[in-house]
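Peer 1: Chains A and B are the protein sequences, given in the same order.
The numbering used here applies: residue 243 is where the first sequence begins, and numbers increase by one.
The numbering used here applies: residue 42 is where the second sequence begins, and numbers increase by one.
Just so you know, even glycine gets a beta-carbon here, dropped at the ideal spot from N, CA and C.
On a predicted model such as this, the values are computed, not experimentally measured, just so you know.
Please find one structure pasted underneath; my questions will follow.
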Amino acid sequence: MSIGQDLPHDSSRGHVTGESIFIDDRLEVAGEVFVGVVGSPIASGELLSIDSKAALAHPACLGVYTARDFVGKHWGSIVHDQPFLVETKINYMQEAVCLVVSSGRETLEEIKSLVRLETKSAVGVFSITDAKKAQTIIARAQKPFVQGNADLALKKAPHRLRGVFVCGGQEHFYLESQAAIAYPLENGQLEVHSSSQHPSETQRVVAEALGLPLHHVVCVVKRMGGAFGGKESQGAPIAAYAALAAAKLKRPARIAITKDQDMMLTGKRHPFENEYEVGFDERGKILAFKVLIQSDGGAYADLSSSILERAMFHVDGAYSLENVWIDGVCYRTNNTPHTAFRGFGGPQGNMTIEAVIEEIAQHLKMDASEVRRINLYRDERNLTPYGNRVENNMLPAIYDRLMATSDYQKRYQEIEAENLKRTGRVRGISITATKFGIAFTSRFLNQANALVNLHLDATVQVSTGATEMGQGVNTKIQQIVAHEFGIESTRVQIMPTSTEKNHNTSPTAASSGADINGAAARNAALQIKCRLIALARKKFSGELCTPLAEYELSSIELGQLPVEVDPDFVFEGGDVLQKSTGHKITLKELITIAYQNRISLGAYAFYKTPDLGFDKTKVEGRAFNYFTQGMAVSEVSIDEYTGEMKILRSDILMDLGRPLNPGIDRGQVVGGFVQGAGWVTTENLFYDQERNLISHSPTTYKIPNIQDTPRDLRVDFIENLENDRNVHGSKAVGEPPLLLGTSVWTAVKHALRYRSKGPTVNISSPATGEVILNELTRLKGV
Amino acid sequence: MRDSIVLYLNGKRHELRGEPCFATVSDFLRYEKNLRGTKVVCAEGDCGACTVLVARLTGDSLGPYEPINSCISFVYLADRSHLITVEGLRGSSEALHPAQKAMIECNGAQCGYCTPGFVCSLAGLTDSTKSENKGLSEKRVKNALTGNLCRCTGYEAIIKAGCSIPLDAAPKLSSLYDDSLIARDLRQLSGSVEILSNEQSVFLPETADQAVQYINRYPDTRVISGSTDLGVLSNKGKLKLKRLMNLNALRESYEIKEEPDYWNVGAKASLTRIEKALEKDFSEFSKYLNVFASPQIKNAASLAGNIINASPIADSIPFLRVAESELVLKSIQGERMVNINSFIQGGYKKLDLRPGELLIRIRIPKTSARFKLFKVSIRKDLDISTVTFAARYSISKGVIQTFSLAFGGVGPSVLRMSKLEQMAVGQKLEANLFKAMAKMLKQEITPLSDVRGSADYRHQLCHNLLLKFYDEVARQFEPDAELSI
């Protein structure tokens, strides 16, 4: 019933009234203390000493903690290689060196400034080029993805191009900076409230940091003020800092770092430099593609190896490649430990092939949309380089429809004509695609559990491992559960995510939040529903329950998985109806009967995504459950004097299966697109010689503002009722549209073609005004 | 003389003394009053999450409710005003403000962290649009929300929400609480205020004489205007504010007055009001103020602050220099008028401002000459300039009669380009002339490389902006003129 409806975000009322509570909005309790992080003043070298005398002498200072104070010394999502605090070796600028604790919020910065650090600098590695020379490596692909014979096909190809696609990092710029509060409980136990996408990992990291068993730590996440991947792994050490202070002082401890410090301390989207060779024929058909994917992982491993893999999984883009060789390596540098960011390497892979296609088109003097068309995955050629088939492939249909609805051909011709006239502006247009693999590529993460409790007034509380960061996962789960019980979604409350209700949760990441947690919640609801149906059947058939006998349910009726719900019974409008007999009872009444007959009204259920399994060492198996697909056409206009660019129009068409909530999904599509467009245009990370991040606040780091959005934005979904691989036929939406921001960058690349006196357009990402103007100057040969 | 700050917050009166008066407004709201709907993200007025609405006592009543950044404003700057926060938008009723409703209905909120700021900006927009008897166009909504960053939505839903607010159903903000009662109370308070705490003091004079006497007595006084720059420096620990004076209580300093030959702009006139007032005679400058900064900043910031702060990338100074603006400086000796071009002495932040002097008015002479102003920044709106360009020119029969040129962002101060000006005057308006000037320019400027662009980029920009100027002007006379670029 509520599935597919445009219901508002379940927190929207609190958001617009200011009543929604984020970590630092929680009222301070008596004795609460404030924790601050002192960062390293050098990017590479050694910590010689920490002089905390002056800090400790401050009347508000309650402690200065160093690496020695931690029981567990290192943390990490995949490899435990990152120290909570610097022991001796310093590996990046502003790396956390020590913690200070203050009794007051207002004195925290002052106390931090009193700590004196003595350090010794060493030569650092700051670029992929340097890391290549020094051979500092975090991870390599276990085996390249190979299909056909790329070398041979390259040799035979009538046309060849080679180059390096370079893209910069990206700051998450979640508005709520990293934050956590730890409350000490009895017997050394802790309750940690964290702004985290991964409560279970936070629970584990906190426990390890303090040497506690896992059952002594509970992590609770009510919501995050944005996350975008930046709180998948990197929220955990922040929580551990608060936990350490709470454990040491036996007082509640709060940490809420400033935006400036957050931007300097935490990792970003990985910069990549991908070396490629491509062979193609005169129609633009790609005959061979070789690519070495190289990422800057920063100082510690974090999630870098998985991100590298996902880049490799997405470098084919939406295009079927017959002869292909894809390899990858992630380098260790002295930059911030780079981490998950919406797309998780996918954008950097996907954008590479879109850039290459733009170059093929320029080389052949063709319209790039035609090159894309003839290389598109189609049913007769749908095998990816890693063995997954592109099933239920909507790409050709999306292409045809978007080309028509965006009026691409006509506008392309207009642009060609217009660019011949000299107006001081030059325009470009481009269509790009996203074909995003849905599933964690680590199979074990594709599991979820849920707890559903039905109350006597026919309202429901649902707990899952999903965390709400604005994406609307709670609303979707609310809809899924409300649908099963045939009630208004407002009668379903999604409870704060807590590791005491849901164990071993997976991060809310990989766009899978609603997929796996929604499916688990549905399974739990189905179990209760199964019991209620059995009960209703007894009641309707006249069976009596008396003080001596109560309704008894068999184990199947109690809802053992897999649950089969009798379709004769319909839950609708707060009633339960048996179609064959016409018997009807209100849900509330039925619940009361269940309670009085000692039938459980709560259920816990589990879900795992079926059929997954990918062997990296052999490159075989099923990496993804399905693909979310879409395309965008963007048109840009460039000021030839200044290099300033504006997006005139973007048309987006997405395949989201049967969207669970079209309004929320549209918000994800537009939000992802604009975030992607920001990454490839204005979002520039700028470091000085010493590797201080200079763009550490919105004054200097420019995410899109309201005037940067396309002047004309048209978003639509293509109908796809065929996806049977996900809950209610829906498709995941969080990350895939971000990749479409690329269309803005390729449109810039297209525009610049018209001002070239010969050279191939060669720009890096982000295409800032400076990058564009420099390239214009180079292309014109002045 | 009063020793307390009196302000109203969501209809309730608050009187504060000493230390708490020096808190930022956002800290006061969040930690003194536990109104935690107002969020602080950047603490530098650049993201708008902390936006609240403020109506100041102007004359006998409260002025319009305007959005400001509460994170870089201080409690003492809110003296004799009424603040409405996101929690107060419902007034005494339970019914949501139409801006709040629209944001829910259009999915304008995702994570919710920026939402209170957007809601306040939208409520302010609703009010101002109603009072100007206009409709809510997409353009108007976007302009009103330039100072609010959202990382989740991509703004589409927020724009839709803004456009869908039913103006007729929206209560005036002044009707949410009893504004006439508030105004009556605030009116009775004496204007001049002095607040002392252990480390800081602030003086709010009611007359210009009091002001200059005070800075004469205390030469270390720092005059704080809208605090859009000093507030940032203070928040980021780069500056400890000690002895302060602010002209909020000085009624005459808000004046913007047209005289026969010039415009008089008072030291406290907000950029928002200047943008509107000067539209008639300086439309190019008005248009330029549109991308100068966010509404929140423009509601607080003043021209005087921009001039005295004297940043080489101050956005108003290139215009003021080519416009030959005169600055009225007051001291206990009297008033002195000085041309901005001699006031700015070259060298980083070097000004002809004598001890005890206070900038109280700016005079912008009317002219028949035309202006052209360019601002290049990484992002078009809500950004600090990479390079700014200002030219004032008159052309008759194809010959350049007068030509004034200034660049910002390419030297220790905003530069007047006298050599290039001399090259141009008396010459024909021709591409070759400007190409020669563009070449010459290289020796005249000394840009740095920084976060906003490399020195080479700035050189290229200045070069190209000169050509852009020529092309745009030439095409006014001859629409098909060959471009110089």
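Out of B/Phe475, B/Ser343, B/Asp261 and B/Met458, which one is the CA nearest neighbour of B/Ile486?
Peer 2: Ranking B/Phe475, B/Ser343, B/Asp261 and B/Met458 by Cα distance to B/Ile486 puts B/Met458 first.
Peer 1: My understanding is that A/Gly670 touches A/Thr578, with C-beta atoms under 8 Å, so please give their C-beta distance in whole angstroms.
Peer 2: 33 Å between Cβ atoms; not a contact.
Peer 1: Using a Cβ cut-off of 7 Å, pull out every chain B residue sitting near A/Thr711, in sequence order please.
Peer 2: The question names Thr, but residue 711 of chain A is Met in the sequence shown. Near A/Met711 (Cβ distances below 7 Å), the residues of chain B are Cys152.
Peer 1: Take the Cβ of A/His457 as the centre, count every other Cβ of all protein chains shown within 10 Å, and call the residue buried at 16 or more, exposed below.
Peer 2: Exposed.
Peer 1: Among all the DSSP beta bridges, which residues are the ones paired with A/Phe470?
Peer 2: Its beta-bridge partners do not exist; DSSP assigns none.
Peer 1: Using three-state DSSP, classify A/Asn1016 as helix, strand or coil.
Peer 2: Reduced to three states, the DSSP call for A/Asn1016 is helix.
Peer 1: If you count every other CB in all the chains shown that lies within 10 Å of the CB of B/Tyr389, and 16 or more means buried, which is it?
Peer 2: By the 10 Å Cβ count, B/Tyr389 comes out exposed.
Peer 1: Can you check whether the C-beta of A/Thr750 is within less than 8 Å of a C-beta belonging to chain B?
Peer 2: Output row for A/Thr750: interface = no.
Peer 1: Going along chain B in order, which residues have a C-beta closer than 8 Å to the C-beta of A/Met506?
Peer 2: The premise fails here: A/Met506 is roughly 13 Å from chain B at the closest Cβ pair, so nothing lies under 8 Å.
Peer 1: Leaving out the 5 sequence neighbours to the left and right, which residues in its chain are closer than 8 Å to A/Val916 when beta-carbon positions are compared?
Peer 2: The answer, listed in chain order, is Pro946, Asp950, Thr951 and Gly983.
Peer 1: Pull the bridge partners of A/Phe811 from the DSSP assignment, please.
Peer 2: BP columns for A/Phe811 point to A/Gln820.
Peer 1: To which residues does DSSP link A/Phe387 through a beta bridge?
Peer 2: Answer is A/Ile568.
Peer 1: Which whole runs of the beta strand (DSSP E) in the stretch 663 to 713 of chain A are 3 residues long or more, in chain order?
Peer 2: Within the stretch 663 to 713 of chain A, the complete beta strand (DSSP E) runs of at least 3 residues are 667 to 680, 689 to 696 and 702 to 706.
Peer 1: Closest Cβ-Cβ distance between A/Gln949 and chain B: below 8 Å?
Peer 2: Yes, A/Gln949 counts as interfacial toward chain B.
Peer 1: Report the three-state DSSP secondary structure of A/Leu927 (helix, strand or coil).
Peer 2: Reduced to three states, the DSSP call for A/Leu927 is coil.
Peer 1: Spell out whether any CB of chain B is found under 8 Å from the CB atom of A/Gln917.
Peer 2: Closer than 8 Å: yes.
Peer 1: Quick check: what's the CA-CA separation for A/Ala469 versus B/Pro353?
Peer 2: Taking the straight line from one Cα to the other gives about 37 Å.
Peer 1: Assuming A/Ser972 contacts A/Leu895 under a Cβ cut-off of 8 Å, what Cβ separation, rounded to an integer in Å, is found between them?
Peer 2: That pair is no contact at about 17 Å.
Peer 1: Taking the alpha carbon of A/Gln651 as the reference point, which residue from A/Ala541, A/Ser876, A/Gln536 and A/Val460 has its own alpha carbon closest?
Peer 2: Answer by Cα proximity: A/Ser876.
Peer 1: To which residues of the same chain is A/Pro386 closer than 7 Å at the C-beta, ignoring the five residues directly before and after it?
Peer 2: Excluding residues within five positions, the ones whose Cβ falls inside 7 Å are Trp567, Ile568 and Asp569.
Peer 1: Which residue or residues does DSSP assign as beta-bridge partners of B/Phe415?
Peer 2: Note: B/Phe415 sits in a beta bridge opposite B/Phe430.
Peer 1: Could you round the C-beta distance between A/Thr361 and A/Leu289 to whole angstroms and report it? I think they count as a contact, below 8 Å.
Peer 2: Right, the Cβ-Cβ distance comes to about 6 Å (below 8 Å), so this counts as a contact.
Peer 1: Can you check whether the C-beta of A/Arg967 is within less than 8 Å of a C-beta belonging to chain B?
Peer 2: No, because no Cβ of chain B sits closer than 8 Å to the Cβ of A/Arg967.
Peer 1: Is it buried or exposed for B/Arg192, if we count other Cβ within 10 angstroms and need 16 for buried?
Peer 2: B/Arg192 should be labelled buried.
Peer 1: Between B/Met42 and chain A, is the shortest Cβ-Cβ distance under 8 Å, so that the two count as touching?
Peer 2: Not closer than 8 Å to any Cβ of chain A, the Cβ of B/Met42 fails to qualify, so no.
Peer 1: Please state whether DSSP places B/Leu271 in a helix, a strand or coil.
Peer 2: Looking at B/Leu271 - three-state DSSP - the assignment turns out to be helix.
Peer 1: With 16 as the cutoff for other CB atoms within 10 Å, does A/Ile770 come out buried or exposed?
Peer 2: With 16 or more other Cβ atoms within 10 Å, it is buried.
Peer 1: Where in the stretch 266 to 322 of chain B do unbroken runs of the alpha helix (DSSP H), each at least 4 residues long, occur, reported from the N-terminal end onward?
Peer 2: Complete alpha helix (DSSP H) runs here, min 4: 271 to 276 and 312 to 318.
Peer 1: Taking any Cβ of chain B, which residues in the stretch 249 to 267 of chain A have a Cβ under 9 Å from it, in chain order?
Peer 2: Those residues of the stretch 249 to 267 of chain A that come within reach of chain B (Cβ to Cβ, closer than 9 Å) are Pro250, His251, Ser253, Ser254, Arg255, Gly256, His257, Val258, Thr259, Gly260, Glu261, Ser262, Ile263, Phe264, Asp266 and Asp267.
Peer 1: Between which two residues does the alpha helix (DSSP H) harbouring A/Arg446 extend?
Peer 2: Unbroken alpha helix (DSSP H) run through A/Arg446: Pro441 to Leu452.
Peer 1: Give a yes or no on whether 8 Å exceeds the smallest Cβ distance from B/Thr187 to chain A.
Peer 2: For B/Thr187, the answer is yes, since a Cβ of chain A falls inside 8 Å of its Cβ.
Peer 1: Between B/Lys413 and chain A, is the shortest Cβ-Cβ distance under 8 Å, so that the two count as touching?
Peer 2: Closer than 8 Å: no.
Peer 1: At the level of alpha carbons, what is the spacing between A/Ser369 and A/Leu356?
Peer 2: When rounded, the distance between both Cα atoms is 33 Å.
Peer 1: For B/Leu423, go through chain A and note every residue whose CB falls closer than 7 Å to its CB, in chain order.
Peer 2: Those are Asn947, listed as they occur along chain A.
Peer 1: Output yes or no for whether 8 Å exceeds the beta carbon distance between A/Pro978 and A/Phe678.
Peer 2: For A/Pro978 and A/Phe678, yes; Cβs fall inside 8 Å.
Peer 1: Taking 8 Å as the cut-off, does the stretch 696 to 707 of chain A touch the stretch 829 to 846 of chain A (at least 3 CB pairs, one atom from each stretch)?
Peer 2: At 8 Å Cβ cutoff, the stretches touch.
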